[in-house]
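*Asks:*
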Amino acid sequence: FGSSLKFHVKFSRFIWYRSRNMMTQQQRADEARRDPFFVAGAGNSLIADPFLLGDEAAQSRQQGQQSRAKKQGRVIYGPDGRKLEENSVVVDGHAVIETGVVHHGVELGNDGQGWYMAENTRREQEMVATRNFNALRQLVVERTRAGMNPDGRWINDPMIFALPAELMQENGIVPFPPDDEQFFIGGIYNPETSKLKKAQVPNLAVDDYGNSTWVRLCDYGSSTVDNACYLFDDTNPRQTHYGRVYQGQLDTGYIVEALNAITLRPKLARSLFYCWDTTLSIFIARIFKNGVCMRVELDDFVPSRSVEQEFSNDTTTICCRSEHFPYVLWPSLVEKAYAKIHTVRSVGQVSTGGWEAIGGGGQVEEALADLTGGVAGRFKTSDVTADRLFIYLYDLQRDTLFVCRPHEINCEMHGVGLNPYYPYAVNRAVDFEGRLFVQVFCAAPGLYDGGLQDISVPWALINSELYPEKSQDGFFWMSIHDFHCYFDVIFECRLVNSGDVGVSGMPPPRIPSDLSPASRPIVPHMEPASWPARGPLQVQPHMAAMMGGQAGVGFRHRSPEGVPLAFFEWVFACPSAVGSQNEPEFQIQIPEHAVPCEIVASVDQCDPRAEMATPDRAAPVPILLKVYEAVDRNRFYSKELVCRSNWIPVRDSMVCFCAVEGCEFRVVAEFPNHSVTVDKLIFRCYASTPGVQVTASTSTSRHSLVEPIEQPKGVKWSLVGAIKPDNVLRHTKPDDFDAENDCLRQPKHDFHPGLDELGCVCM
């Protein structure tokens, strides 16, 4: 494996890691409340001003509210989700909070309970990444010159390559030594409980203690050519893709599907890293997790296996790899970064997570959101017509990723040879000579186009200079009608945290990424979205306090090139338990001068992989998001939903709509039953125009829904959650979901169980 392996010394290491703080969970409510939204006629005003009431009136209303709540067996909650004290003043189902008075510390930020606006550290992470990168480069060069670093590369092990204190303190470099303790869940391999197959366990040069030897990625390359390995292939500056990504030994198909969509946008792929130096093996990756932009320092050591065959003794990496491996390294290092943020090793505490934790399968939406910071969801082609699907793909192709899976039944019925074992992604949608076509990328070693390109695609389109992608690289064209028929599920990811990543031949950006000269940022690298609104919908401080926090101030980040992003961002978090007894609500107020405004929002559950102590991972809770529009001067809400999310057990629930007139919108979250709770929740919201106000709170009362008498001011802006009425089997329960088969097809799916396994009884 090159000369560096002889310097890889195996000895016991003292692991020095930062421990994670465990947030206090909110005490669960004693009794459940009803759904906060119900179809009703007249009701109390949602925003009745409690300060207009006198003391006697307020006291009377308070007693009435508490009396009715007691008779109905309900519990009234404050804006932070905790039960109100007996002497609390309640008006119209809301807790009265006087200006300047702190209620459970909500206005001051996170006290371990309720909703709060998360601190934004994106710019700080960029600065720290640059600082750490420069410091590591200097240390490696100095120690190599002094003869203390024989292979001239960095290793992220403080027992071998010691770091100064300033790089190991808070917000410093988290160690990730190249040994099997980082690979297995909890740091220990137990063959009796592990779900790993033999081919998934590292076995290269195992020592007396059962630990395998990890190999540098650069050692798989040529040892005769200097700088033979690269993070990205930059030989062609005009290339429109970075090649196929192949799955490794673990069940990481969901990550590989996401990477094969990212590889179609070279600028997006490069943004996965803050900075890098391949010759010194220093890489700093960018990962988004729980609404936070994270920084992950990496070397290039990876676990490997020895492929024992009759005439060879080759080795292979456990992780995924580029089709140009070992000369292109970025997919392998992205998987390592993803594994590292799901690994917790602390002195004196239980070790959880590990590289193995990301190898037990997952949903594509999770990987897309974590790698890009986008908002992801899914829909079926059967829920939309072919022509509308084309318009959707055409309009969004520049700022949205689309992963698609073949419709196996239709393909088998018509003899179309699409390969369900490999990822597919949409690259383009074009109107050519009056006909509609979609260009699809196949990540298989060969081209599995099902013969569709040879049937209905013009030769001039296949060989057009406007679209340089070729069949030998995995690209093929098909008509929109064939695409609609032979592909089933489509995963979309709105790139709300990325700049313009489009390639040549695409339509111009839908949303301008820059503002007028009069609206330049007043904070370096961030632009507040709370400029004074000219409309009547500015959130007042006392209203923000009543709704569970400060007035929502969004930030407009910048791309790595320094260009302002198209969307403003809000991130709220609730570190305590959330369930049907304290369902969250999110108010989005859009002033008249800010329309049309595109809103993309997501409620995210925390990923349990980093907390796994056993190979069994808890399934996410199905959470349904519904968006309502305020009517009649914001006193009621229209019973006609603006949009809704899917109601399936996936980590993130997504909604997207466009406001065509200034209005207040309320996003509510619904749980499947009263016994289900989620320990922590994150709410992310993105708006395409400034002046929008967003707040998060806990539902404290029921709201009145009425028949609208005006045209809707908001329209759904995504096919996610747009299910045909005849396809909705149950309106009050989550949709059917086959979690076991929600993945790329695997060989185990080809073995059909017999009668004994099915438990059938022949009559």
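Residues 1 to 763 in full-length UniProt numbering are what the sequence shown lists, from first letter to last. All residues carry an ideal CB built from backbone N, CA and C; glycine is no exception.
1. What does the Cβ neighbour count give for residue 744, buried or exposed, with the cut at 16 atoms within 10 Å?
2. Taking only runs of the beta strand (DSSP E) that begin and end inside the segment 613-692, which ones reach a length of at least 3 residues, in chain order?
3. Taking the Cβ atom as the reference point for each residue, do residue 472 and residue 462 lie within a distance shorter than 8 Å?
4. Kindly indicate which residue of 596, 466, 562 has the alpha-carbon position closest to the one of residue 510.
5. Please identify the residue among 140, 660, 647 whose C-alpha is closest to the C-alpha of residue 735.
6. Please list, in chain order, all residues of the same chain as residue 306 whose beta carbon is under 7 Å from its beta carbon, the five residues on each side excluded.
7. Assuming residue 298 contacts residue 333 (C-beta within less than 8 Å), just tell me the rounded distance between them.
8. Residues in its own chain within less than 6 Å of residue 266 by CB, not counting five upstream and five downstream?
9. Between which residues of its own chain and residue 403 is the CB-CB distance below 6 Å, once the five residues before and five after are set aside?
10. From residue 847 to residue 603, what distance separates their C-alpha atoms?
11. Could you check where the alpha helix (DSSP H) with residue 604 kicks off and where it finishes?
12. Apart from the five residues on each side of it in sequence, which residues of its chain come closer than 8 Å, Cβ to Cβ, to residue 128?
13. Check whether the segment 607-618 and the segment 559-571 touch, using three or more Cβ-Cβ pairs below 8 Å as the test.
14. Determine the DSSP secondary structure at residue 192, reduced to helix, strand or coil.
15. From 670, 281, 135, 155, pick the residue whose C-alpha is nearest to that of residue 627; which is it?
16. Please state the DSSP three-state secondary structure of residue 255.
17. What runs of the beta strand (DSSP E), each 3 residues or longer, lie entirely inside the segment 256-289?
18. List the endpoints of the continuous alpha helix (DSSP H) containing residue 454.
19. Going by DSSP, what residue range makes up the beta strand (DSSP E) through residue 493?
20. Report the option in 589, 231, 665 whose CA atom is closest to the CA atom of residue 329.
21. Looking only at its own chain, which residues have a Cβ that is under 6 Å from the Cβ of residue 420, when we skip the five neighbours before and after it?
22. Looking at the structure shown, is residue 406 part of a helix, part of a strand, or coil, going by DSSP?
23. With which residues is residue 698 paired in a DSSP beta bridge?
24. Considering residue 159, what are the terminal residues of the beta strand (DSSP E) in which it resides?
25. Between residue 378 and residue 322, what straight-line distance do the alpha-carbon atoms span, to the nearest angstrom?
26. Based on Cα-Cα distance, which residue from 145, 146, 147, 139 lies nearest to residue 156?
27. Applying the criterion that 16 or more other CB atoms from any shown protein chain within 10 Å of the CB defines a buried residue, is residue 148 buried or exposed?
28. Just how far apart, CA to CA, sit residue 445 and residue 579?
29. Out of 748, 742, 747, 717, which has the shortest C-alpha to C-alpha gap to residue 389?
30. Once DSSP output is grouped into helix, strand and coil, what is the label at residue 370?
31. Less than 8 Å between the C-beta atoms of residue 344 and residue 214, yes or no?
32. What separation, rounded to the nearest whole angstrom, lies between the Cα atoms of residue 706 and residue 687?
*Replies:* In short:
1. Label assigned to residue 744: buried.
2. The segment 613-692 is shown to contain whole beta strand (DSSP E) runs of 3 or more residues at 624-631, 636-638, 652-659, 663-670, 681-687, in chain order.
3. For residue 472 and residue 462, no; Cβs fall outside 8 Å.
4. The option with the nearest alpha carbon to residue 510 is 596.
5. Among 140, 660, 647, the Cα nearest to that of residue 735 is on 647.
6. For residue 306, same chain residues with a beta-carbon under 7 Å away, outside a window of 5 residues either side, are 203, 204, 313, 315 in chain order.
7. The Cβ separation is near 6 Å, so the contact holds.
8. If we look at residue 266 and ignore the five residues flanking it on each side, its Cβ neighbours are 242.
9. 257, 261, 364, 425, 491, listed in sequence order.
10. No answer is possible for residue 847: it lies beyond the span of the chain, which begins at 1 and ends at 763.
11. Where residue 604 is concerned, there is no enclosing alpha helix (DSSP H), although the beta strand (DSSP E) it sits in stretches over 597-605.
12. If we look at residue 128 and ignore the five residues flanking it on each side, its Cβ neighbours are 171, 295.
13. Short answer: they don't touch.
14. Taken through DSSP and simplified to helix, strand or coil, residue 192 comes out as coil.
15. Among 670, 281, 135, 155, the Cα nearest to that of residue 627 is on 670.
16. Judged by DSSP in its simplified three-state form, residue 255 adopts helix.
17. You should have 273-277, 282-289.
18. Here the alpha helix (DSSP H) through residue 454 covers 453-456.
19. It spans 487-494 - the beta strand (DSSP E) in which residue 493 sits, taken as one unbroken run.
20. When C-alpha distances from residue 329 are compared across 589, 231, 665, the shortest belongs to 231.
21. Hits under 6 Å: 406, 408, 745.
22. In this structure, residue 406 counts as strand in the three-state DSSP scheme.
23. Residue 698 is bridged to 584.
24. Residue 159 -> no beta strand (DSSP E), and no H or E assigned at all.
25. Answer to the nearest angstrom: the Cα atoms are 26 Å apart.
26. Of all alpha-carbon atoms in 145, 146, 147, 139, the one lying nearest the alpha-carbon of residue 156 is that of 139.
27. Exposed, by the Cβ-count rule.
28. Residue 445 and residue 579: Cα-Cα distance of roughly 46 Å.
29. When only C-alpha atoms are compared, the closest one is 717.
30. Reduced to three states, the DSSP call for residue 370 is helix.
31. Cβ atoms of residue 344 and residue 214: not closer than 8 Å.
32. Taking C-alpha positions only, residue 706 is separated from residue 687 by approximately 27 Å.
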